[in-house]
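*Asks:*
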Amino acid sequence: MSDQTVQVLITEEQNPEEGRGGGSIWGDAFRTLRRRPEVIIAALVALFFLVVALFPKLFTSQDPQHCDIADSGIPPQGFGGAHPFGTDITGCDMLAGVVYGARPSLLLAFIVVGLSVLIGVTLGTLAGFYLGWVDTIISRAVEVFLVIPLLLAALLLLSLFHGAETSGVLGSILQPALVLTLFGWMGYTRYVRANVLETKNLDYVVAARVLGASDLRIMVRHVLPNAIGTVTALVPTAIAGVIGTEAVLAFLGIGVRPPAVSWGILISNGSERFAAGSQYLLLFPLGCLVLTVLAFVILGDALRDALDPKLK
Amino acid sequence: MPDGSEGDVLLQVDDLVKYYPVRRGVVFKRTVGQVRAVDGVSLTLRRGQTLGLVGESGSGKSTLAKLLVGVEAPTSGRILVEGVDVSGMKRAERRRLRRTIQLIFQDPYTSLNPRMSVGEIVGEAFAIHPDAAPKGARTKAVRELLDLVGLNPDHLNRYPHQFSGGQRQRIGIARALAVKPRILICDEPVSALDVSIQGQVINLLEKLQDELGLAYLFIAHDLSVVRHIADQVAVMYLGRTAETGTDVQVFEQTRHPYSRALMSAVPLPDPTLRDTRRPIVLEGEVPSPAAPPSGCRFHTRCWLAPIVAGREGGDGTGVPSVCSTVQPELEQQEASGHLAACHFAADVTSEAVGHD
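Chains as they are written, first to last, in the numbering used here: chain L, 1 to 312; chain F, 1 to 356.
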């Protein structure tokens, strides 16, 4: 046996733990995820659509706004033709629409879910931790917002502000984003509150209190990391849900507004022409939505499992 | 046991009371009763000493521990730490006090945050009290603490789930020691552990007491463990102290029928002795602390009461009337420092223990 092999063996013997569980929780989670092929595929799909949303020019040279009525209703020509995904009834290029529609759709989803989680986690933690009147106010607010039907409220609010002047991608999604956030935070609040109630009386929380930790430290360092598990699992499904709801709002004519394109608008337009023989107008944007949603669902499930120390 | 001077008293508890309100109602909560978890307990803990606290489940031991570390606020009574009353203190002052008293938990599986590494768990004390260790020396201090409790300092980056129950308990001890406390409240620190591991943890606690001069309030179910580690023993029943004294006084010159019953339940390793001492079996459950019995709290289950009542020709209830009407105070027994709360304390030892 050469000296080098011996050296390697000795090193392995000295650090038998390095490979499994020496690092942080996130490091461990990453190692677990790396070994699952469906996670890698889902990550690649999600990454692909993120790149599409960030750099649409890489994928199409057409302008989605530039529609030539002379080219109306061209079926998909495959890559190589002028309109790989075909054109819609007004002659707009489908590929450009799908590519440029990714940004408003994904941006809307991330803004809505991000804000909802932020509000929900904050309020849920406060309600569960302090109970008393804080909990009474927050819990009653949750119930009030839960009993208002989302579509009814969205219709009312969005038609109220329909005339407001907007500009840019952010401007065109701002109103639906605010309305969807307004009716999106309650679920997280409830989950987090229930988990905080369960976690806050555990011995390690008492131990931190005995050490003299402040309420903020106890919440941030001890209660939240152990109470937030269900929320990390909800986030990907929520992203999917927001894109879906955005499609519904667009279908009703109150979502992301034309001339901006979004997957929701494309789906809504495409479904009108579905029976008329132009199925591709619906299938391309719908396929993108389904792929994105599936990718986030798989990622979310895998992440939740990998971050749970009890499943190791 | 010689009485130490006043300066030696680290912790003094005077007539401590904790009632939990029982509330009913959905919107308007009204108080319909009180659970008397701790109802007038007095204790004295001296530097470097161990006070064993024993009693059945529901006797208020753990509530007492929570009161002492400041997690719960007492209803009334005083807690004096080194002569300073801390029961009415404000938050900031209590934070400083908390460095004096620390808590060891019963269950090593719930007492460590599963998402923090050992280094973070033990080092958290330094983040909360920045003056406990200078910033650059914190990792070194954590390693020293791990070494002190018999863990490998290189396991700093591991997570609690990678340790056994005994090792986890050592991590809990290291966390408590980080703030250099003078008093450790051990709330049944070994009852969740394997018997062979129990011995190791007890020995570690004794070693730490010798090295650091710690005082322990040792709460336990296991009387043999208490007898092994404690200098002073207090027996609690339904939120009150039944008997207190040195370990020899309480274990061998028992003056309270409840303590006597507890002692007789200790398994004897010698089979010949086992035949001569029949255990006293207490009947029924511990009464509800929301509605404690009148007079002596133990009279509903007392094995001595029928004997005394028979001798004195009571009113036929099987309990002397004084027991069911007058609450006995802790009274001085023959030996100094030995207190028992029983109207017929003198009869406890004279009566045959194996009486049917």
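In this text, a Cβ means the ideal position worked out from N, Cα and C, and glycines have one as well. In this text, all values refer to a predicted model and were calculated from it rather than measured experimentally.
1. Under 8 angstroms by Cβ, that's how I've got L:PRO84 and L:GLY78 pegged, so tell me the actual separation to the nearest angstrom.
2. Mind checking which residues open and close the alpha helix (DSSP H) that includes L:LEU234?
3. Taking the alpha-carbon positions, what's the F:GLN162 to F:ALA215 distance?
4. Check whether the Cβ of L:ARG209 lies closer than 8 angstroms to any Cβ atom in chain F.
5. Flag this pair as yes or no: are the beta carbons of F:GLN12 and F:PRO21 separated by less than 8 angstroms?
6. Let me confirm a value: F:LYS140 is counted as buried when at least 16 other C-beta atoms fall within 10 Å, else exposed. Which label applies?
7. What residues in the segment 125 to 136 of chain F have a beta carbon less than 9 angstroms from any beta carbon of chain L?
8. Can you list, in chain order, the residues of the segment 179 to 206 of chain L whose Cβ is nearer than 9 angstroms to any Cβ on chain F?
9. Return no unless some Cβ of chain L is closer than 8 angstroms to the Cβ of F:ASN203.
10. Once the 5 residues before and after L:ALA250 are set aside, which same chain residues still bring their CB inside 7 angstroms of it?
11. Would you please verify whether the beta carbon of L:ILE298 is less than 8 angstroms from any beta carbon of chain F?
12. Determine whether the Cβ of L:GLY22 lies closer than 8 angstroms to any Cβ atom of chain F.
13. Just to confirm, is the Cβ distance from F:VAL235 to F:GLY55 under 8 angstroms?
14. What's the gap between the Cα of L:THR125 and the Cα of L:ILE119?
15. Mind listing the chain L neighbours of F:LEU112? Cutoff is C-beta to C-beta under 9 angstroms, in chain order.
16. Return the Cβ separation of F:ASP187 and F:ILE219 in integer angstroms, given the expectation that the two are a contact with Cβ distance under 8 angstroms.
17. Comparing alpha-carbon positions, which option in F:ARG182, F:TRP303, F:MET116 lies nearest F:GLY213?
18. Does the Cβ of L:LEU156 have 16 or more other Cβ atoms within 10 Å, making it buried, or fewer, making it exposed?
19. Anything in chain L within Cβ reach of F:GLN102, meaning under 8 angstroms, just list it in chain order.
20. The beta strand (DSSP E) spanning F:ARG24 covers which residue range?
21. Assess, as a yes-or-no matter, whether the segment 255 to 274 of chain F is touched by the segment 328 to 341 of chain F under the definition of 3 or more beta carbon pairs within less than 8 angstroms.
22. Can you check which of these residues, F:VAL348, F:GLY295, F:ALA345, F:SER336, is closest to F:SER324 by C-alpha distance?
23. Going straight from the alpha carbon of L:PRO225 to that of L:VAL231, what length do you get?
24. Is the beta carbon of F:ARG46 less than 8 angstroms from the beta carbon of F:VAL9?
25. What do you get for F:LEU67, buried or exposed, if any count of 16 or more other CB atoms within 10 angstroms of its CB means buried?
26. Please report how far the alpha carbon of F:GLU206 lies from the alpha carbon of F:LEU146, in whole angstroms.
27. Go through its chain and collect everything with a Cβ distance to L:ALA42's Cβ below 6 angstroms, but skip five positions before and after it.
28. When the cut-off is 8 angstroms and only beta carbons count, does F:ARG168 lie next to chain L?
29. Compute the Euclidean distance between the alpha carbons of F:ARG170 and L:PHE145, then round it to the nearest angstrom.
30. Are the CB atoms of F:HIS228 and F:ILE202 nearer to each other than 8 angstroms?
31. State the DSSP-derived secondary structure class of L:ASP203, mapped to helix, strand or coil.
32. Using 8 angstroms as the Cβ pair cut-off and three pairs as the minimum, do the segment 200 to 220 of chain L and the segment 135 to 150 of chain L touch?
33. Would you mind working out which of F:ASP107, F:ALA127, F:GLU334, F:ALA73 sits nearest F:GLN249, comparing C-alpha positions?
34. Check F:ASP85 in the structure and name its three-state DSSP category.
*Replies:* In this structure, then:
1. Indexing the first sequence from 1 puts residue 84 of chain L at position 84. Indexing the first sequence from 1 puts residue 78 of chain L at position 78. Between L:GLY78 and L:PRO84 the Cβ distance is about 6 angstroms, and since that is below 8 angstroms, they are a contact.
2. By 1-based counting over the first sequence, the position of residue 234 of chain L is 234. Its alpha helix (DSSP H) spans residues 229 to 251.
3. What you label residue 162 of chain F is simply residue 162 of the second sequence in a count that begins at 1. What you label residue 215 of chain F is simply residue 215 of the second sequence in a count that begins at 1. Roughly 31 angstroms between the two C-alpha positions.
4. The residue labelled residue 209 of chain L in the question sits at position 209 within the first sequence. It does: the Cβ of L:ARG209 has a partner Cβ on chain F nearer than 8 angstroms.
5. As a first step, residue 12 of chain F must be located in the second sequence, where it is residue number 12. As a first step, residue 21 of chain F must be located in the second sequence, where it is residue number 21. Contact flag unset, no.
6. Working through the second sequence from its first residue, we reach residue 140 of chain F at position 140. Exposed.
7. ALA125, ALA127, ILE128, HIS129
8. LEU202, ASP203, TYR204, VAL205, VAL206
9. Position 203 of the second sequence holds residue 203 of chain F. So no, F:ASN203 is outside the interface.
10. Start at 1 with the first residue of the first sequence, and residue 250 of chain L comes out as number 250. Once the five neighbours on either side are set aside, the close Cβ partners of L:ALA250 are VAL256, SER262, GLY264, ILE265, SER268.
11. For the purposes of this step, residue 298 of chain L is taken as the residue at position 298 of the first sequence. Closer than 8 angstroms: no.
12. Here residue 22 of chain L refers to the residue found at position 22 when the first sequence is read from its first residue. For L:GLY22, the predicted structure reports a pLDDT of 44, less than 50, and the residue's modelled location is therefore unreliable. A value from the coordinates is still provided. Taking Cβ atoms only, chain F reaches closer than 8 angstroms to L:GLY22, which makes this a yes.
13. Your numbering for residue 235 of chain F matches position 235 in the second sequence. Your numbering for residue 55 of chain F matches position 55 in the second sequence. In this structure, F:GLY55 lies closer than 8 angstroms to F:VAL235 by Cβ.
14. Locating residue 125 of chain L in the first sequence gives position 125, where the first residue counts as 1. Locating residue 119 of chain L in the first sequence gives position 119, where the first residue counts as 1. Whole-angstrom Cα-Cα distance: 10 angstroms.
15. As a working mapping, residue 112 of chain F is identified with position 112 in the second sequence. Within 9 angstroms Cβ-Cβ: ASP203, TYR204, ALA207.
16. Reading the second sequence from its first residue, position 187 is the one you call residue 187 of chain F. Reading the second sequence from its first residue, position 219 is the one you call residue 219 of chain F. So it is a contact: roughly 5 angstroms between Cβ atoms.
17. In the second sequence, the residue the question calls residue 213 of chain F occupies position 213. Ranked by Cα distance from F:GLY213, the first of F:ARG182, F:TRP303, F:MET116 is F:ARG182.
18. Mapped onto the first sequence, residue 156 of chain L falls at position 156. Exposed, since its Cβ has fewer than 16 Cβ neighbours within 10 Å.
19. The residue given as residue 102 of chain F occupies position 102 in the second sequence. By Cβ distance, chain L contributes VAL210, LEU211.
20. What you label residue 24 of chain F is simply residue 24 of the second sequence in a count that begins at 1. From DSSP, the beta strand (DSSP E) with F:ARG24 extends over 9 to 24.
21. yes
22. Position 324 of the second sequence, counting from 1, holds the residue named residue 324 of chain F. Nearest option by C-alpha distance: F:GLY295.
23. What you label residue 225 of chain L is simply residue 225 of the first sequence in a count that begins at 1. What you label residue 231 of chain L is simply residue 231 of the first sequence in a count that begins at 1. Distance between the alpha carbons of L:PRO225 and L:VAL231: 11 angstroms.
24. Position 46 of the second sequence, counting from 1, holds the residue named residue 46 of chain F. Position 9 of the second sequence, counting from 1, holds the residue named residue 9 of chain F. Yes; because the gap between Cβ atoms is below 8 angstroms, this pair is in contact.
25. Taking the first residue of the second sequence as position 1, residue 67 of chain F is located at position 67. F:LEU67 should be labelled buried.
26. Walking along the second sequence from the start, residue 206 of chain F turns up at place 206. Walking along the second sequence from the start, residue 146 of chain F turns up at place 146. Approximately 17 angstroms between the Cα atoms of the pair.
27. One-based indexing of the first sequence puts residue 42 of chain L at position 42. Answer for L:ALA42: ALA295, ILE298, LEU299, listed in chain order.
28. If you number the second sequence from 1, residue 168 of chain F lands on position 168. Answer no: the Cβ-Cβ gap between F:ARG168 and chain L never drops below 8 angstroms.
29. The count along the second sequence starts at 1 and reaches residue 170 of chain F at position 170. The count along the first sequence starts at 1 and reaches residue 145 of chain L at position 145. About 48 angstroms.
30. One-based indexing of the second sequence puts residue 228 of chain F at position 228. One-based indexing of the second sequence puts residue 202 of chain F at position 202. Yes, the Cβ-Cβ distance between F:HIS228 and F:ILE202 is below 8 angstroms.
31. Along the first sequence, read from residue 1 onward, the residue named residue 203 of chain L stands at position 203. Three-state result, L:ASP203: helix.
32. no
33. One-based indexing of the second sequence puts residue 249 of chain F at position 249. Ranking the options by Cα distance to F:GLN249, first place goes to F:GLU334.
34. Within the second sequence, numbered from 1, the residue matching residue 85 of chain F stands at position 85. Of the three classes helix, strand and coil, the one that applies to F:ASP85 here is strand, per DSSP.
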